[in-house]
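Numbering (full-length UniProt numbering), first residue to last: 1 to 677. From the three backbone atoms N, C-alpha and C, an ideal C-beta is built for every residue, glycine too. Down below is the structure, laid out as structure tokens.
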């Protein structure tokens, strides 16, 4: 584990669990996107519910399992201090990274927006006053070429610049069982330019310009119905799909700019970050996994996000440490999401034309008081105000000539509305945290905290037949109890972090599966009145305790359960209903990972051998759906690097998933009532 000294000290002193991965580890483990880090971060899950840019994150079972991608989950993702409200905004931007830190439990007391589950903070390598850089090229399975570089250029004594570039292009790994066509190809371009302006000895300004373009071919799930019906059959090969004539595609691009100003005072530090981002996508998704158009999707939207965070960290009277700050953000999505159901002349297509707007503001305070030389008292508070507005609903975008919808009582015509919502909700919450931190010996801390978190309300933007499926989903609240220990000993050669936690959930926002008729179903968002998650985590890093050997390992246990039975959601009955003590979605009971690296010096060269393994238990991906249980997922990886000790160049060969294991990461009941995975 290697991060900058200032960040490492802050994470060690934070009264809560913080798991970090360095940029070097990201490259050696081939972690290319935020969702990839879940494999090596205890208690974190992440998967793509659809083939577009909509990963679902969960930390300790806390998240939002909405596959549409228009809602912020209970996890806050930050890129260089800028909050990303929607998944599309962090597409491709995991390039030239210094570190990724996952902070667990309710957040929003020291920066950013209020979240219930935690935050993932991604920090890029910043410009320096020395000329240098690197260039990489790699080739891997499915004819995948990857090129990247970063170059650091001092322009003047007070201005330095760092340009980073990444491009990956590869053939699809999936193969259509009927046509032989390939799906899941990559064509991703990302650029980021950072310019640092040193104003004087105490202040500087960092300008961040970034752009992403994704024109890959979407992946397709597998519908386990019979091949004769256009599906893949019950036991398909891992790469077998049945797509038909509606070719999945991905056409996305976006970018933005942020400005960070920092100023050091004798009594503390001031930081201000302002950002605006835009993103446009037009994706076609074979969501039903079938060659017959039972429920394909087209995701066509434009998103904008603006935010400003400003805070001052102060050290007063040597025993009192204070952070005060304000956060403001505005984000908007205008979209048209279409569900293609035209497998016969009796069916219809639905499109949800909508506009969603979100305004969020907050004022936060965090204090640390040194009661004694070794004992600290932590007290934090936050006031949040949020507005959520949604104007949209499902309309007929196509009607088959033999559809019963043409007849009474429907008398439907193209453009007629089936469902609709035009409303706005605003609300405010106070959240807080109190705790104690005790220094057992230098570098070793024990802590205990009680905190509560809050997440704003949501709307479900998918095209749906049932009016209730579009209903507003009220805010969720979480109370978290945590005790833990952190230790960095022997000059950081031994780092241990362990914790026990107990979360009480109120109105957990959750994806539900609801039958409408014996042959028709709908997904919708709703709330679980009460839920509870208990568990523990342990992570350890051994650096050079045995000469030339580094070992990193982690383990997590989760017991996440529904405590209030749910029989109806938004007027829709659940079959089966969600019973007391049912498991929560995206909460695998056990998970663990390990990485070992060993260096061998041969004359002027160094050979590095690496082995990595990750394992996650199966989990539910939605409630009320007997088909929504994933597989146990594991992967063994090996890597060998060779290069001069000077580090001027490095060559590497690697293999991931050496055992060729396969399994489903996400599954559900499709519109034809088959299992889709």
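Cα separation between residue i and residue j?
{"i": "residue 502", "j": "residue 176", "result": "46 angstroms"}
{"i": "residue 299", "j": "residue 69", "result": "10 angstroms"}
{"i": "residue 446", "j": "residue 60", "result": "21 angstroms"}
{"i": "residue 425", "j": "residue 620", "result": "31 angstroms"}
{"i": "residue 139", "j": "residue 165", "result": "17 angstroms"}
{"i": "residue 469", "j": "residue 227", "result": "32 angstroms"}
{"i": "residue 233", "j": "residue 576", "result": "25 angstroms"}
{"i": "residue 3", "j": "residue 22", "result": "Annotation note: pLDDT 43 at residue 3 (below 50); position unreliable, no value reported."}
{"i": "residue 588", "j": "residue 489", "result": "31 angstroms"}
{"i": "residue 594", "j": "residue 545", "result": "17 angstroms"}
{"i": "residue 91", "j": "residue 662", "result": "25 angstroms"}
{"i": "residue 279", "j": "residue 86", "result": "10 angstroms"}
{"i": "residue 361", "j": "residue 117", "result": "19 angstroms"}
{"i": "residue 143", "j": "residue 167", "result": "14 angstroms"}
{"i": "residue 647", "j": "residue 637", "result": "23 angstroms"}
{"i": "residue 242", "j": "residue 291", "result": "5 angstroms"}
{"i": "residue 551", "j": "residue 592", "result": "14 angstroms"}
{"i": "residue 427", "j": "residue 363", "result": "15 angstroms"}
{"i": "residue 506", "j": "residue 528", "result": "7 angstroms"}
{"i": "residue 210", "j": "residue 27", "result": "20 angstroms"}
{"i": "residue 585", "j": "residue 623", "result": "7 angstroms"}
{"i": "residue 382", "j": "residue 322", "result": "14 angstroms"}
{"i": "residue 690", "j": "residue 666", "result": "Outside the shown range of the chain, which is 1 to 677, sits residue 690, and nothing can be said about it."}
What do you get for residue i, buried or exposed, if any count of 16 or more other CB atoms within 10 angstroms of its CB means buried?
{"i": "residue 580", "result": "exposed"}
{"i": "residue 372", "result": "exposed"}
{"i": "residue 682", "result": "Outside the displayed range of the chain (1 to 677) lies residue 682, so it cannot be described from this structure."}
{"i": "residue 402", "result": "exposed"}
{"i": "residue 1", "result": "For residue 1, the predicted model reports a pLDDT of 37, less than 50, meaning its position is unreliable and no value from the coordinates is stated."}
{"i": "residue 230", "result": "buried"}
{"i": "residue 260", "result": "buried"}
{"i": "residue 411", "result": "exposed"}
{"i": "residue 480", "result": "buried"}
{"i": "residue 455", "result": "buried"}
{"i": "residue 48", "result": "buried"}
{"i": "residue 664", "result": "buried"}
{"i": "residue 679", "result": "The requested residue 679 does not occur in the structure, where the chain is confined to residues 1 to 677."}
{"i": "residue 604", "result": "exposed"}
{"i": "residue 65", "result": "buried"}
{"i": "residue 486", "result": "buried"}
Just to check my reading of the structure: residue i and residue j have Cβ atoms closer than 8 angstroms, yes? What is that Cβ distance to the nearest angstrom?
{"i": "residue 366", "j": "residue 394", "result": "Actually they are not in contact, since the Cβ atoms of residue 366 and residue 394 sit about 44 angstroms apart, beyond 8 angstroms."}
{"i": "residue 34", "j": "residue 120", "result": "6 angstroms"}
{"i": "residue 282", "j": "residue 288", "result": "Wrong, their Cβ atoms sit about 19 angstroms apart, outside the cutoff."}
{"i": "residue 523", "j": "residue 462", "result": "7 angstroms"}
{"i": "residue 162", "j": "residue 150", "result": "6 angstroms"}
{"i": "residue 484", "j": "residue 473", "result": "Incorrect: roughly 32 angstroms between the Cβ atoms, too far for contact."}
Among residues of its own chain, excluding the 5 on either side of residue i, which ones have a beta-carbon nearer than 6 angstroms to its beta-carbon?
{"i": "residue 640", "result": "609 and 653"}
{"i": "residue 123", "result": "98 and 99"}
{"i": "residue 269", "result": "313"}
Anyone know if the C-beta pair for residue i and residue j falls short of 7 angstroms?
{"i": "residue 18", "j": "residue 103", "result": "yes"}
{"i": "residue 453", "j": "residue 127", "result": "no"}
{"i": "residue 657", "j": "residue 635", "result": "yes"}
{"i": "residue 57", "j": "residue 75", "result": "yes"}
{"i": "residue 262", "j": "residue 271", "result": "yes"}
{"i": "residue 559", "j": "residue 536", "result": "no"}
{"i": "residue 83", "j": "residue 277", "result": "no"}
{"i": "residue 309", "j": "residue 72", "result": "no"}
{"i": "residue 680", "j": "residue 508", "result": "With the chain running from 1 to 677 in the structure shown, residue 680 is simply not present."}
{"i": "residue 192", "j": "residue 253", "result": "no"}
{"i": "residue 465", "j": "residue 448", "result": "no"}
{"i": "residue 356", "j": "residue 390", "result": "yes"}
{"i": "residue 460", "j": "residue 625", "result": "no"}
{"i": "residue 384", "j": "residue 114", "result": "yes"}
{"i": "residue 433", "j": "residue 380", "result": "yes"}
{"i": "residue 571", "j": "residue 538", "result": "no"}
{"i": "residue 196", "j": "residue 204", "result": "yes"}
{"i": "residue 302", "j": "residue 331", "result": "no"}
{"i": "residue 187", "j": "residue 154", "result": "no"}
Report all residues from its chain with a CB closer than 7 angstroms to the CB of residue i; omit the five preceding and five following residues, and keep chain order.
{"i": "residue 5", "result": "Note that residue 5 scores 45 on pLDDT, short of 50, meaning its location in the model is unreliable; the coordinates nonetheless yield the value given after this. Counting only Cβ-Cβ distances below 7 angstroms, and skipping sequence neighbours, we find nothing."}
{"i": "residue 590", "result": "557 and 617"}
{"i": "residue 185", "result": "170, 171, 172, 216 and 217"}
{"i": "residue 565", "result": "577, 578, 579 and 580"}
{"i": "residue 674", "result": "223, 224, 225 and 231"}
{"i": "residue 415", "result": "395 and 396"}
Taking 6 angstroms as the cut-off, is the C-beta of residue i nearer than that to any heavy atom in the ligand GTP?
{"i": "residue 674", "result": "Absent from the structure shown: the ligand GTP. Ligands present: none."}
Looking at the C-beta of residue i, does it have a partner C-beta in chain B at a distance below 7 angstroms?
{"i": "residue 531", "result": "Here there is only one protein chain, and chain B is not present."}
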